[in-house]
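Heads up, the thing below is written out as structure tokens.
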Amino acid sequence: MVNSEIAREQAYVGRLYRRVDELRDEAERRLATVLREHGETEQSLVEREAAFAGYAMRVARLEAAEHGLCFGRLDMRDGRRRYIGRIGISAGPGAGDDDEPLLLDWRAPAARPFYVATAAAPEGVRRRRHIALRGRRVVAIDDEILDRDAVDAEEGLVGEAALLAAVNAARTGRMRDIVETIQAEQDEIIRADAGGVLVVQGGPGTGKTAVALHRAAYLLYTHPHLAARGVLVVGPNSAFLRYIAQVLPGLGETSVLLTTVGAMFPGVVADRGEPPETAEIKGRAVMAEVIAAAVRDRQAPPRGDIEIPYGEGVLRLAERDYLRLAERVRARHATHNDAGRVFQRAVVDLLARQVAERLESVVLDENGEPLDGGDPGGVLTEADRRALVAAGYPTALLDLEVGLSGDRATENQGPLLDETDLAEIRRELAADPGVRAVLRDLWPILTPQRLLSDLYADPGRLAAAAPMLTERERGLLRREPGGGWSTADVPLLDEAAELLGEARRTGRTREEIERAKEIAYAQGVLDVLVGSRSSDLNEGEEAEILIATDVIDAHRLADRHRMADLRTLAERAAGDRTWTFGHVVVDEAQELSQMAWRMLMRRCPTRSMTIVGDVAQTGDAAGTTSWARVLEPHVGDRWRLARLTVNYRTPAEIMTAATRALAASATGADPDLEAEAPRSVRRTGVPPWRISTTPEELPRMLASCAAFELATLEEGRLAVIVPDARRDELGKAVAAAVPDASYGDDPDLESPLVVLGVRQAKGLEFDSVLIADPAGILAANPRGRNDLYVAMTRATQRLGVIHAGPAPEPIAAAIPGPDEEG
Numbered sequence: 001m002v003n004s005e006i007a008r009e010q011a012y013v014g015r016l017y018r019r020v021d022e023l024r025d026e027a028e029r030r031l032a033t034v035l036r037e038h039g040e041t042e043q044s045l046v047e048r049e050a051a052f053a054g055y056a057m058r059v060a061r062l063e064a065a066e067h068g069l070c071f072g073r074l075d076m077r078d079g080r081r082r083y084i085g086r087i088g089i090s091a092g093p094g095a096g097d098d099d100e101p102l103l104l105d106w107r108a109p110a111a112r113p114f115y116v117a118t119a120a121a122p123e124g125v126r127r128r129r130h131i132a133l134r135g136r137r138v139v140a141i142d143d144e145i146l147d148r149d150a151v152d153a154e155e156g157l158v159g160e161a162a163l164l165a166a167v168n169a170a171r172t173g174r175m176r177d178i179v180e181t182i183q184a185e186q187d188e189i190i191r192a193d194a195g196g197v198l199v200v201q202g203g204p205g206t207g208k209t210a211v212a213l214h215r216a217a218y219l220l221y222t223h224p225h226l227a228a229r230g231v232l233v234v235g236p237n238s239a240f241l242r243y244i245a246q247v248l249p250g251l252g253e254t255s256v257l258l259t260t261v262g263a264m265f266p267g268v269v270a271d272r273g274e275p276p277e278t279a280e281i282k283g284r285a286v287m288a289e290v291i292a293a294a295v296r297d298r299q300a301p302p303r304g305d306i307e308i309p310y311g312e313g314v315l316r317l318a319e320r321d322y323l324r325l326a327e328r329v330r331a332r333h334a335t336h337n338d339a340g341r342v343f344q345r346a347v348v349d350l351l352a353r354q355v356a357e358r359l360e361s362v363v364l365d366e367n368g369e370p371l372d373g374g375d376p377g378g379v380l381t382e383a384d385r386r387a388l389v390a391a392g393y394p395t396a397l398l399d400l401e402v403g404l405s406g407d408r409a410t411e412n413q414g415p416l417l418d419e420t421d422l423a424e425i426r427r428e429l430a431a432d433p434g435v436r437a438v439l440r441d442l443w444p445i446l447t448p449q450r451l452l453s454d455l456y457a458d459p460g461r462l463a464a465a466a467p468m469l470t471e472r473e474r475g476l477l478r479r480e481p482g483g484g485w486s487t488a489d490v491p492l493l494d495e496a497a498e499l500l501g502e503a504r505r506t507g508r509t510r511e512e513i514e515r516a517k518e519i520a521y522a523q524g525v526l527d528v529l530v531g532s533r534s535s536d537l538n539e540g541e542e543a544e545i546l547i548a549t550d551v552i553d554a555h556r557l558a559d560r561h562r563m564a565d566l567r568t569l570a571e572r573a574a575g576d577r578t579w580t581f582g583h584v585v586v587d588e589a590q591e592l593s594q595m596a597w598r599m600l601m602r603r604c605p606t607r608s609m610t611i612v613g614d615v616a617q618t619g620d621a622a623g624t625t626s627w628a629r630v631l632e633p634h635v636g637d638r639w640r641l642a643r644l645t646v647n648y649r650t651p652a653e654i655m656t657a658a659t660r661a662l663a664a665s666a667t668g669a670d671p672d673l674e675a676e677a678p679r680s681v682r683r684t685g686v687p688p689w690r691i692s693t694t695p696e697e698l699p700r701m702l703a704s705c706a707a708f709e710l711a712t713l714e715e716g717r718l719a720v721i722v723p724d725a726r727r728d729e730l731g732k733a734v735a736a737a738v739p740d741a742s743y744g745d746d747p748d749l750e751s752p753l754v755v756l757g758v759r760q761a762k763g764l765e766f767d768s769v770l771i772a773d774p775a776g777i778l779a780a781n782p783r784g785r786n787d788l789y790v791a792m793t794r795a796t797q798r799l800g801v802i803h804a805g806p807a808p809e810p811i812a813a814a815i816p817g818p819d820e821e822g
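Residue numbering for the sequence shown follows the UniProt record's numbering, beginning at 1 and increasing consecutively.
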């Protein structure tokens, strides 16, 4: 019976794959055609780019759907049958008028009963079938009958056999999607309305990350306009991003940018380490006031009247004048650099008028005799000009038509200098090194990097900008220029960029340079064509036919062959700090500082966000234990909370130990803690264990335990989780015993054994986990108890702890020792 049903499903699945092949071949042909086309106009170029993006996305979706294309079937009470899969597939032309498609996209409303139907609430479903594929072959089916009389039946897990098979499967080092096993509470969150801020609070193993990613795919499917702006997914670290990288492409979605807080400022690599206490200060909301004050301090600060050597004389800039100008431009321009450019032009204009007044006045020699020979109008003669040149006045200014022989010298009517003359004076002043130095000093055009470097390096600037910080706190911010940037610096750079605006360009942009090359090349082609035509004509003979230059110029020829921008949305968004997204997903959101939240809110003006995390796992000193505390400054009470309560990953034996450890170290915990332990759905019968050693022997003991534990794993992945500060030391010891072990800043999660600092382990999962030096994890951070909780809940099967000396209290309370009863 089972074999015959598998054979029937195989026939249908084969039909689905043949249709996918047809659709993919067609999309690839159309894509190749688009690539061969050349746009004749700007409009056609835009259309070409849109067509390319559409067909490329179609090909990507069809390729991604290759693995696990169809995973379910619904037999409805009315006799209809619906197959559920990763994408929707129509039967195609000439296939009949059946209302049901060949394959229903898992996100379609008609597919929802696959995830929420129960015996108590069958949603019109008679039977739900889970179909397991290996490649294109059906290898197993699992049926649930839902049409029996079961009014009092428990709702339980949907597709329990498929779900348990998935959670017990060996890890691969890459996250898999859960389209086959989405549960009812997860489905409700995935399909929740896109508007506003949705916070998903869930303990370890509840599927927060999977729910967030599937929600992103669902929103892109149901709100196609989001694809134009894309979805931003923010994760805790680069290892986590690599872990989840295949999920959304596997669901057919490419309009998504995966990033970390530290990578959100283009051109900055946030690889500088710094003490948690310093990062905590930088994460405070008050740092927005500090940055604003630091910017204001660079805007024409009072410094008295300023004398500027110019020629053989001195120009004077009165304090009252430049302060008045500063107030005026500050009120009219939103950003520092825009206002600064206006301010500098206004100062140059002020100085230019001083120069003009001098040139229009009677000039006296060193003996007080007029150089103009006593001309009553003060007009300069040629003799005056020679004398002034000898005295050191800039020649260009004196070359203006000011009192020289000619009509103006004799007319002597009205102002001697017109606007053209003043413009020349302004150009001379703007190019003068002394004037430029004063302008830069009074109101420099700044980059965010320059502003922060100057602020950190100067105790005086810090004191002026941050009087609300203590002297000790300002000292923690103090550092010399250079040395790179930390993750905590990135939101401050972003804040500064908002206030500063664009810095002055020092030359043409890359796009302008490339455009000029294209036009020059096109002109060269036209020149060759014209030259070739001319050589074909006899002397005195005129051409009677049109040539290329008669119908097209270099600009239009360059436009015709201009390449479309074929970068993906993610590539374009990653390089544009001002890009705003249609929706933002934040994972491990409890780790974000208040300044990081300000940066993220700027990326999503519509405040359409999905925020997932667990406040019981907050490890960062700048993180939060209250969702209201971080969100209300930005959205008030316009956010809603959903909870995930079932732990699918962590077996009950390990979850119980982790909960005991967290409770045992809860002295002095934040009273606003909003978390509760989730309920595990399974037991493995393998309790967690611990072993003691000496501090000196811990590296050797860890390496020995790691080698033994790896040997016991038939397949899957082992993680060794250690204090962040000891990652490389203990990683080296483990790698000496297990050469395939991976560790460092960029560990290979697909390695059978990986050594991670506790922060690197955020959001990841492994078949087996060893924790080394738990006391070091607890002591490294004021929230070390939460870091230990994170480490203990990464395992899907087995957990062991290796401690130096007596077990720290949380571990002793959670895991009985070798000679203790459980």
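Positions of the beta carbon are idealized from the N, C-alpha and C atoms, including for glycine.
Query                                                                                                          : Result
CB contact below 8 Å: Met-655 versus chain C                                                                   : Protein chains in the displayed structure number just one, and chain C is not present.
Whole runs of the beta strand (DSSP E) within the region 676-746, excluding any shorter than 3 residues        : 689-693 and 718-722
Outcome for Met-468 when other beta-carbon atoms lying within 10 angstroms are tallied against a minimum of 16 : exposed
Limits of the unbroken alpha helix (DSSP H) element including Asp-321                                          : 319-332
Beta carbon of Pro-109 nearer than 8 Å to that of Leu-146                                                      : no
Among Leu-499, Ala-170, Ile-189 and Glu-480, the one whose alpha carbon lies nearest that of Asp-454           : Glu-480
Where the beta strand (DSSP E) through Phe-71 begins and ends                                                  : 70-76
Inter-stretch contact at 8 Å, needing at least 3 Cβ pairs: the region 729-748 / the region 698-709             : yes
Whole-angstrom C-beta distance between Ala-596 and Pro-491, which should lie under 8 Å                         : 5 Å
Endpoints, the alpha helix (DSSP H) within which Arg-798 is located                                            : No alpha helix (DSSP H) contains Arg-798, which is instead part of the beta strand (DSSP E) from 795-804.
Endpoints, the alpha helix (DSSP H) within which Gly-784 is located                                            : 784-792
Where the alpha helix (DSSP H) through Ile-89 begins and ends                                                  : Per DSSP, Ile-89 belongs to no alpha helix (DSSP H) and is neither H nor E.
Limits of the alpha helix (DSSP H) - the one that Ile-425 falls within                                         : 419-431
Reference Ser-608, options Val-586, Thr-447 and Ser-593, closest by Cα                                         : Val-586
Three or more C-beta pairs below 8 Å linking the region 55-64 and the region 21-35                             : yes
Simplified DSSP assignment, three categories, for Gly-374                                                      : Note on Gly-374: pLDDT 45, under 50, position unreliable in the model; no value is reported.
Buried or exposed (CB count within 10 angstroms, at least 16 for buried), Lys-208                              : buried
When Tyr-221, Ile-281 and Gly-784 are compared against Leu-477, the one with the closest alpha-carbon          : Ile-281
Extent of the continuous alpha helix (DSSP H) to which Ala-288 belongs                                         : 287-296
At least 3 beta-carbon pairs within less than 8 Å: the region 613-622 vs the region 181-192                    : no
Residue of Thr-254, Arg-298, Leu-220 and Thr-645 minimising C-alpha distance to Ala-570                        : Thr-254
Residue burial classification, Lys-762 (beta-carbon count within 10 angstroms, cutoff 16)                      : buried
Through-space distance from Gly-230 to Phe-581, alpha-carbon basis                                             : 5 Å
Cβ contact (3+ pairs, closer than 8 Å) linking the region 324-342 and the region 443-457                       : yes
Runs of alpha helix (DSSP H) lying entirely within the region 94-131, each at least 4 residues, in chain order : 113-116
Check whether Gly-805 and Ser-692 have beta carbons under 8 Å apart                                            : yes
Buried or exposed by the 16-neighbour rule on C-beta atoms within 10 Å, applied to Arg-598                     : buried
Contact check, residue 823 vs Val-233, beta carbons under 8 Å                                                  : Because the chain here runs from 1 to 822, residue 823 falls outside it and cannot be looked at.
Backbone CA spacing between Arg-683 and Ala-795 [nearest angstrom]                                             : 13 Å
Where Arg-134 falls: helix, strand or coil (DSSP)                                                              : strand
Any beta strand (DSSP E) of 3 or more consecutive residues that is wholly inside the region 583-642            : 583-586 and 609-613
Secondary structure of Ile-519, DSSP reduced to three states                                                   : helix
Coil, strand or helix - Ser-405 by DSSP                                                                        : With a pLDDT of 33 at Ser-405, under the threshold of 50, the modelled position of that residue is not reliable, and the figure given next carries that caveat. The answer is coil: DSSP assigns Ser-405 none of H, G, I, E or B.
Coil, strand or helix - Thr-222 by DSSP                                                                        : helix
Residue nearest to Gly-267 in terms of C-alpha spacing, selected from Ala-140, Gln-449 and Thr-694             : Gln-449
Where Ser-90 falls, given that 16 or more other Cβ within 10 Å makes a residue buried                          : exposed
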